[in-house]
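Heads up, the thing below is written out as structure tokens.
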Amino acid sequence: MTNILILGAGYAGLRAAKVLAQKKLDAAITLVDRNRYHYETTSLPEVAAGTRRAQSILLPLPENLPAQVNFIQATVIKIDRTNKQVELADGQPLTYDYLVVALGLESEDYDIPGAAENALPIVDVKSALAVKKQLETNFQNYQTSQDPDDLRVIVCGAWFSSFEFMGALVNRLPRLAEHYRVPLDKIEIQCIEAKDMILPMFDDDLTNYVKKWLADHNVILRTGTPIKEVQANKVITADQTYTASTLVWTTGVRGSHVIGDSDFEARRNRVMVSDQLSLDDDPNVFLLGDVAAVRQPGKPYPFPATGQIAFQMADAAATNIAADLNGEPRQDFVFNDLGTVLALGSKDGVAKVFGDHKLRGYAAAAMKRVIDDRSLLKQAGVKAMVKYGRLPL
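In terms of the UniProt record's numbering, the sequence shown is residues 1 to 393.
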């Protein structure tokens, strides 16, 4: 019997496990993740801002996996491709015939001094809850400290998650101010970005909409301002020091450190894969999601790592593994880009979907919720959506 080992239960890993199970192969399928739950990465900014309960974005793994999938809760340390083994923090190494690596992302600090020690990333449930706790602690402290920094938030980096976090936080500010009895007009949010341009996936009219939304809600956006150093409650640029008790780090992400610790040729822990999503020199090893770099036709850089492409990569990889086992030819991966949606809180946002169709305002925010619910539906089904309150009956 063929042994298929899947590392990581994010969008790509969980989807690959489910699709492989549906194909009823003569194979043992094992899914490994450090957590006993899958979480929706695209909803982490809302958890960090406190507008969404962490529990609502979790999907317990054991009870939501097909019977054909064996789940192991463990932390992956290293991949040994020479011996076809995966080393775990605890327990015996796992062997494989086919390996699917979907270990997800980590925060990228670009070696900026003090960033990792003094600013909080938003990369998983634990880190998102840490941001929420820091915000609430500082607002509570203001009652006795009267320190303006306790009501200041600096978001380092202007990535997708940066804007979704700020959008959700702006929505929550009136309730936060009332709950902690702090003056709403003294709360300050600013975003500091090294590049001059933001949100390159959108046309100028949509990025201008986002900029205006931020300005209308008193959020300061500083572009063309590289961060040189981060200290406790301080962000230092070339010509100024900005202070705040809450520093959030969203400058970018890289793939799992396991890639760097293993025998892979990678950039920022992302491995360039073949058109079939496997390694050219090791075709039984597939890499998906945040640890994979997929060539864009006609462009010098790979596709951005998104939930949308992770789903499609999982489907394609599972199909190619099944093709191997059934003696059929593999198929090249073709990404079907359905568009991009950015939510600014629960009632606003921008989107470019279905080609060049653009959405602004509530329609974009509603589209984001539809996408999130569709993701859960694909991963868990209608029963899970009802059980976890996403499809009330």
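Note that beta-carbon positions come from the ideal geometry of N, C-alpha and C, so glycine has one too.
Bear in mind the structure is a predicted one, so any value in this text is a computation, not a measurement.
| query | result |
| --- | --- |
| Inter-residue spacing [alpha-carbon to alpha-carbon] between residue 373 and residue 364 | 14 Å |
| Beta strand (DSSP E) segments (min. 3 residues) lying fully within the stretch 117 to 166 | 152 to 156 |
| Per-residue burial, residue 264 [other beta carbons within 10 Å of its own, 16 or more giving buried] | buried |
| Inter-residue CB distance, residue 13 and residue 100 (contact presumed, cutoff 8 Å) | 7 Å |
| Per-residue burial, residue 166 [other beta carbons within 10 Å of its own, 16 or more giving buried] | buried |
| Option nearest residue 214 by Cα separation, candidates 54, 52, 324 and 188 | 188 |
| Given residue 340 as reference, the closest of 149, 140, 161 and 80 once Cα atoms are compared | 161 |
| Chain-order list of residues whose beta-carbon lies under 6 Å from that of residue 279 (same chain, five-residue window excluded) | 285 |
| Residue nearest to residue 352 in terms of C-alpha spacing, selected from 201, 171, 15 and 193 | 201 |
| Limits of the alpha helix (DSSP H) - the one that residue 243 falls within | No alpha helix (DSSP H) holds residue 243; the beta strand (DSSP E) holding it covers 241 to 243. |
| Three-state secondary structure (DSSP) of residue 282 | strand |
| Span of the alpha helix (DSSP H) around residue 212 | 204 to 216 |
| Local conformation of residue 392 per DSSP, three classes | The predicted position of residue 392 is uncertain, since its pLDDT is 49 and thus under 50; a value taken from the coordinates is nonetheless stated next. Residue state, collapsed to three classes: coil. |
| Under the three-state DSSP convention, the category residue 270 falls into | strand |
| Bounding residues of the beta strand (DSSP E) (the contiguous stretch that carries residue 296) | Note, residue 296: premise wrong, no beta strand (DSSP E); not H, not E. |
| Distance CB(residue 131)-CB(residue 48) smaller than 8 Å | yes |
| Meets three-Cβ-pair contact criterion under 8 Å: the stretch 74 to 86 and the stretch 35 to 50 | no |
| Candidates 142, 294 and 89: closest to residue 244 by CA position | 142 |
| Enclosing beta strand (DSSP E) for residue 219 [first to last residue] | 219 to 222 |
| Integer-rounded CB distance, given that residue 260 should sit under 8 Å from residue 108 | 12 Å between Cβ atoms; not a contact. |
| Terminal residues of the beta strand (DSSP E) in which residue 71 lies | 69 to 73 |
| Endpoints, beta strand (DSSP E) assigned at residue 60 | 58 to 60 |
| Outcome for residue 482 when other beta-carbon atoms lying within 10 angstroms are tallied against a minimum of 16 | Examination of residue 482 is not possible in this model, given that the chain is present from 1 through 393 alone. |
| Distance CB(residue 27)-CB(residue 66) smaller than 8 Å | no |
| Other residues of its chain near residue 420: CB distance less than 8 Å, five sequence neighbours each side excluded | Lying before the first or after the last residue shown, residue 420 is absent from the chain, which here runs from 1 to 393. |
| Beta-carbon proximity list for residue 129, same chain, < 8 Å, skipping 5 on both sides | 47, 48 and 54 |
| Alpha-carbon to alpha-carbon, residue 134 and residue 5 | 38 Å |
| Residue 51 classed as buried or exposed, judged by whether at least 16 other C-beta atoms fall within 10 angstroms | buried |
| Inter-residue CB distance, residue 122 and residue 250 (contact presumed, cutoff 8 Å) | 6 Å |
| Alpha-carbon spacing of residue 371 relative to residue 336, whole angstroms | 15 Å |
| Backbone CA spacing between residue 29 and residue 127 [nearest angstrom] | 30 Å |
| Residue(s) in a DSSP beta bridge with residue 190 | 154 and 220 |
| Simplified DSSP assignment, three categories, for residue 231 | strand |
| For residue 195 and residue 227, the rounded distance between their alpha carbons | 11 Å |
| When 304, 206 and 379 are compared against residue 357, the one with the closest alpha-carbon | 206 |
| Delimiting residues of the alpha helix (DSSP H) encompassing residue 318 | 307 to 325 |
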